[in-house]
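A.B. asks: So that you can map any letter, position 112 of the sequence shown is 97 in our numbering, and since no number is skipped, the others follow by simple counting.
Beta carbons are placed, not taken as given, at the ideal position from N, Cα and C, and that holds for glycine.
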Amino acid sequence: MKGITIRTFGYHDMFSVGSGGLENLTVLEVNGKTIVIEAPAHITATLPRMKTLRSESELTHVDALIITHVDADHIAGFDSLIWHKVFGENSKLLLITHPEIAKQLWQRVRTAFETDRIDMKTKRQLEDYVKLIELELGKTTKIEELGIEIETFKRSTKHAPFLSIAFCILRNGVPVLAYSGDTSFDLELIEFLAKKGEYPIIHEAGSYAVGSQSHTHFNELLTLPVEIQKRLYLNHIPITLEENILQRIKETNSPICIASELNNVII
Ligand SMILES: [Zn+2]
-14 MKGITIRTFG YHDMFSVGSG GLENLTVLEV NGKTIVIEAP AHITATLPRM KTLRSESELT
46 HVDALIITHV DADHIAGFDS LIWHKVFGEN SKLLLITHPE IAKQLWQRVR TAFETDRIDM
106 KTKRQLEDYV KLIELELGKT TKIEELGIEI ETFKRSTKHA PFLSIAFCIL RNGVPVLAYS
166 GDTSFDLELI EFLAKKGEYP IIHEAGSYAV GSQSHTHFNE LLTLPVEIQK RLYLNHIPIT
226 LEENILQRIK ETNSPICIAS ELNNVII
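Structure (structure tokens):
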């Protein structure tokens, strides 16, 4: 069994776009397919240019998509991705998310997608465009098509008044990667993400100040035991704080890395 290759094509927050950064975009290559985590606005600009990605999708290079929640920096590229899949390559996206989030995604794109655009009368639903794989809080979902399992955290992350998920990816029951999604600093979530093994944890560090109720500040992650810090790879970083974060890592001798360090790592 071949490993999963991680590719990181973006690790900044949504306010960094105008300053040269790209929002979170992590891709896992497994068995010749891609599993893309989140669909920021640049997804259909960035991924098709990545000629070395091993994907069954010639146009989008997206075979499966995991969505953690419906903020724009995570889904702004979703509808253009669906257009490309449906009309560009006549294929269905494998969408992996919680059913509530799938419903919210449909609400967002419904106006443009609910009537067939060829015959202009047939009614369409989300499932006409995607094959939905539902994640449940606190449960592990086996995804045969990809040869992985996804264990979803038992509750919403502390990010917004609506659902936002965190998860671990497993192969044959063994965790290989954990992903925090957007969250304020949450020890119970970190315990879930880091529970066993030495696998990497991609954690957001999107807060501009300590104590935010929706994002984690880098200094909060520095309070964690060093064994956990050495497994942390930061994404969702404000580009204006990046220098500062790198400086703090140096000063404190922390083993924490930026998510770009995971590019091309095989897990
Ligand atoms: Zn976000």
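1) Since Phe152 sits in a beta bridge, which residues does DSSP pair it with?
2) Can you check whether the CB of Ile128 is closer than 9 Å to the CB of Ile118?
3) Unbroken beta strand (DSSP E) runs of length 3 or more, entirely within the region 64 to 88: which are they?
4) On the CB-based measure, 16 or more other CB atoms within 10 Å of its CB, does Gln214 come out buried or exposed?
5) So, with DSSP's three-state summary, where would you put Gly182?
6) Helix, strand or coil: how does DSSP classify Glu8 here?
7) Could you tell me the alpha carbon to alpha carbon distance between Arg156 and Thr237, rounded to whole angstroms?
8) Tell me whether Thr126 sits in a helix, a strand or coil according to DSSP, three-state version.
9) Tell me where the alpha helix (DSSP H) around Glu212 begins and ends.
10) The alpha helix (DSSP H) that contains Leu29, what's its start and end?
11) Is it true that the region 61 to 73 meets the region 163 to 179, where meeting means three or more beta-carbon pairs spaced less than 8 Å apart?
12) Put His59 into one of helix, strand or coil per three-state DSSP.
13) What do you reckon, is the C-beta of Asn248 under 8 Å from a heavy atom of ligand 1?
14) Helix or strand or just coil, what does DSSP make of Asp16?
15) For Glu246, which residues in the same chain have their Cβ closer than 7 Å to its Cβ, ignoring the five residues on either side in sequence?
16) Among Ile251, Lys77, Gln198 and Thr11, which one has its Cα closest to the Cα of Gly(-5)?
17) Would you call the CB atoms of Gly62 and Pro25 closer than 9 Å?
18) Does the separation of the CB atoms of Ile135 and Ile81 fall below 9 Å?
19) Starting from the Cα of Gly196, find the closest Cα among Glu205, Cys242 and Ile(-11) and give me that residue.
20) Relative to the C-alpha of Ile222, which residue among Arg216, Phe203, Arg39 and Asp101 is closest?
21) Determine whether the beta carbon atoms of Thr29 and Thr45 lie at a separation below 9 Å.
22) On the DSSP letters alone, give me the boundaries of the beta strand (DSSP E) that Lys116 sits inside.
23) Grouping DSSP H, G and I as helix and E and B as strand, with all else coil, what is Thr237?
24) Which one or two residues does DSSP pair with Asn229 in a beta bridge?
C.D. replies: The short version:
1) For the purposes of this step, residue 152 is taken as residue 167 along the sequence shown, with counting starting at 1. Bridge partners of Phe152: Thr137 and Tyr164.
2) Start at 1 with the first residue of the sequence shown, and residue 118 comes out as number 133. Start at 1 with the first residue of the sequence shown, and residue 128 comes out as number 143. Result yes, Cβ atoms of Ile118 and Ile128 sit closer than 9 Å.
3) 78 to 82
4) Start at 1 with the first residue of the sequence shown, and residue 214 comes out as number 229. Buried.
5) Looking up residue 182 in the sequence shown gives position 197. Gly182: coil per DSSP, three-state reduction.
6) Your numbering for residue 8 matches position 23 in the sequence shown. Of the three classes helix, strand and coil, the one that applies to Glu8 here is strand, per DSSP.
7) Working through the sequence shown from its first residue, we reach residue 156 at position 171. Working through the sequence shown from its first residue, we reach residue 237 at position 252. Cα to Cα, Arg156 sits roughly 34 Å from Thr237.
8) What you label residue 126 is simply residue 141 of the sequence shown in a count that begins at 1. Reduced to three states, the DSSP call for Thr126 is strand.
9) Working through the sequence shown from its first residue, we reach residue 212 at position 227. Val211 to Gln214 is the extent of the alpha helix (DSSP H) around Glu212.
10) Here residue 29 corresponds to residue number 44 of the sequence shown, with the count starting at 1. Note on identity: in this sequence residue 29 is Thr, with Leu being the wrong assignment. Ile28 to Thr31 is the span of the alpha helix (DSSP H), which, as asked, contains Thr29.
11) no
12) On the sequence shown, residue 59 is found 74 positions in, with the first residue counted as 1. Looking at His59 - three-state DSSP - the assignment turns out to be helix.
13) On the sequence shown, position 263 is the one that residue 248 refers to. No, Cβ of Asn248 sits at least 8 Å from all heavy atoms of ligand 1.
14) Stepping through the sequence shown from its first residue, residue 16 is reached at position 31. First, the amino acid is wrong: residue 16 is Asn here, not Asp. It is coil, neither helix nor strand.
15) Looking up residue 246 in the sequence shown gives position 261. Around Glu246: Tyr218.
16) The sequence position of residue -5 within the sequence shown is 10, counting from 1. Checked all of Ile251, Lys77, Gln198 and Thr11; the closest Cα to Gly(-5) is Thr11.
17) Against the sequence shown, residue 62 aligns to sequence position 77. Against the sequence shown, residue 25 aligns to sequence position 40. Going by C-beta atoms, Gly62 is nearer than 9 Å to Pro25.
18) Numbered from 1 along the sequence shown, position 150 holds the residue referred to as residue 135. Numbered from 1 along the sequence shown, position 96 holds the residue referred to as residue 81. Contact: yes.
19) Locating residue 196 in the sequence shown gives position 211, counting from the first residue. Taking only the C-alpha atoms, the option nearest Gly196 is Glu205.
20) Indexing the sequence shown from 1 puts residue 222 at position 237. When each option's Cα is compared against that of Ile222, the closest is Phe203.
21) Taking the sequence shown and counting its residues from 1, the one referred to as residue 29 is at position 44. Taking the sequence shown and counting its residues from 1, the one referred to as residue 45 is at position 60. Closer than 9 Å, so yes.
22) Position 131 of the sequence shown, counted from the start, is the residue given in the question as residue 116. Lys116 -> beta strand (DSSP E) spans Val115 to Glu119.
23) Locating residue 237 in the sequence shown gives position 252, where the first residue counts as 1. Three-state DSSP puts Thr237 in a helix.
24) Counting from 1 along the sequence shown, the entry for residue 229 is found at position 244. Bridge partners of Asn229: none, in fact.
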